[in-house]
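All letters in the sequence shown, in the order written, are residues 16 to 362 by the numbering used here. Glycine is no exception: its CB is placed at the ideal position from the N, C-alpha and C atoms. As the structure is a computational prediction, the values presented were derived from the model and not from experiment. Here is the structure we will look at.
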Amino acid sequence: MSGQVRAAGAPVAPDVGAAPGEGRPLLSLRSVRIGIRTRKGAREIVRGVDLDVAPGEKVGIVGESGSGKTLTVLSVLRLLPDPPIELLGESIRFDGDELSKMSEKALERVRGAGIAMVYQDPMTSLNPLLRVRTQIVETLEAHGFSRDAALARCREVLLQVGLSDVERVERAFPHELSGGMLQRVMIAMALSVGPRLLIADEPTTALDVTIQQQILELVEDLQRGTGMAVIWVTHDLGVVARLVDRVAVMYAGRIVELAPTRRLFSRPSHPYTRALLGSLPHRDAAHRRPLTQIGGTPPDPSRLGAGCPFRPRCPVAVERCAVEEPPLLDRGGGSRAACFVEPELWP
Ligand SMILES: Nc1ncnc2c1ncn2[C@@H]1O[C@H](COP(=O)(O)OP(=O)(O)OP(=O)(O)O)[C@@H](O)[C@H]1O
Ligand code: SF4
Ligand SMILES: [Mg+2]
16 MSGQVRAAGA PVAPDVGAAP GEGRPLLSLR SVRIGIRTRK GAREIVRGVD LDVAPGEKVG
76 IVGESGSGKT LTVLSVLRLL PDPPIELLGE SIRFDGDELS KMSEKALERV RGAGIAMVYQ
136 DPMTSLNPLL RVRTQIVETL EAHGFSRDAA LARCREVLLQ VGLSDVERVE RAFPHELSGG
196 MLQRVMIAMA LSVGPRLLIA DEPTTALDVT IQQQILELVE DLQRGTGMAV IWVTHDLGVV
256 ARLVDRVAVM YAGRIVELAP TRRLFSRPSH PYTRALLGSL PHRDAAHRRP LTQIGGTPPD
316 PSRLGAGCPF RPRCPVAVER CAVEEPPLLD RGGGSRAACF VEPELWP
């Protein structure tokens, strides 16, 4: 490609949320930076993430392994393994309150009732030594439910997540349940207190495709019934296609494209997004390939050189890309992309 560059629009101020007029965002990340402490000082892994999530909105965070998805969502509830990972960034607000500066006690109230998380590995949030009922009931009691109300709510949520033999599941220890059942139990536990935001970090990776689809449909149904907002973190752009309103594509510790889902699929504005879409040859989930089949490997975000981090893999790079990292630029239609070259100029 020649050296001609046209950057559409001005760099975007960190207005990276839902459409104007929708009121205060429920969750608002501003310049979130996350570092890893080493003997030589802190190196940045997440390098300035701005993201708003409106009440009831569903947002997908997509990217290859190591792009910083998990660290970004863990930072919201201050769950980073500190040390060696530390939050350097500016602001994380939930319903107007600054979470990064909140006392541990106040944050404990936000965890569960305000924001619930479902982790990559069910065993991260389930205690292997306690029966399912004990774990859910204890969570509810910690949030002020009486014993009787907690027992009733436990049964209700297990039914809601589509578990049929609820009595057996209630009595079971985690190791007595299948992977799909454990995911449902985790989602039941996360939803039990009635959170306003559910953050799900690849809860389906370890499951077969049929169960993945069932879990996705389940969360979609529950979301519709409650008006809860959802952040869905995944490697698989195909997975979020059906589920979310907007998609944030992460690469090397930054959001490189943020767009309404339909727009992202019909007119990707970052070459990386286009490559991700190209790696989804089948609409049929059973034939979906993982994103990592894009040529080249993602860089270590803490060891970046000058210029655009995607340049070594980018088919449309121009000279400027070697010296400058592009900011998020407005591409119209609610889409923003961190790329110097407009899609119209891509070969
Ligand atoms: N506890 C840790 N100590 C050192 N480095 C870490 C730690 N946790 C994460 N990292 C590094 O931070 C980077 C981002 O990690 P993160 O887990 O956020 O990626 P991810 O996008 O969630 O990847 P995946 O899709 O594999 O879950 C990776 O390069 C990873 O090696
Ligand atoms: S993705 Fe990066 S390297 Fe490729 S054209 Fe855009 S700015 Fe340049
Ligand atoms: Mg992860």
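Please confirm whether Val-47 and Val-64 have their CB atoms less than 7 Å apart.
yes
Residues sharing a beta bridge with Arg-58, DSSP
Ile-51
Since Glu-171 is in the alpha helix (DSSP H), which residue starts that stretch and which ends it?
162-175
Measure the beta-carbon distance from Gly-129 to Arg-211 and round it to whole angstroms, keeping in mind my assumption that it falls under 8 Å.
6 Å
Backbone CA spacing between Leu-66 and Leu-206 [nearest angstrom]:
23 Å
Work out the CA separation of Arg-269 and Glu-123 for me, nearest whole Å.
28 Å
Using three-state DSSP, classify Gly-209 as helix, strand or coil.
coil
Which one or two residues does DSSP pair with Tyr-266 in a beta bridge?
Arg-269
Return the Cβ separation of Leu-360 and Ala-353 in integer angstroms, given the expectation that the two are a contact with Cβ distance under 8 Å.
So it is not a contact: roughly 16 Å between Cβ atoms.
Closest Cα partner of Gly-127 within the set Ile-202, Glu-101 and Val-68:
Ile-202
Please determine whether the Cβ atom of Cys-354 lies at a distance below 6 Å from any heavy atom of ligand 2.
yes
Looking only at its own chain, which residues have a Cβ that is under 6 Å from the Cβ of Leu-141, when we skip the five neighbours before and after it?
Pro-189
Indicate whether the contact test is met: 3 or more Cβ pairs, each with one atom in the region 325-335 and one in the region 285-295, closer than 8 Å.
yes
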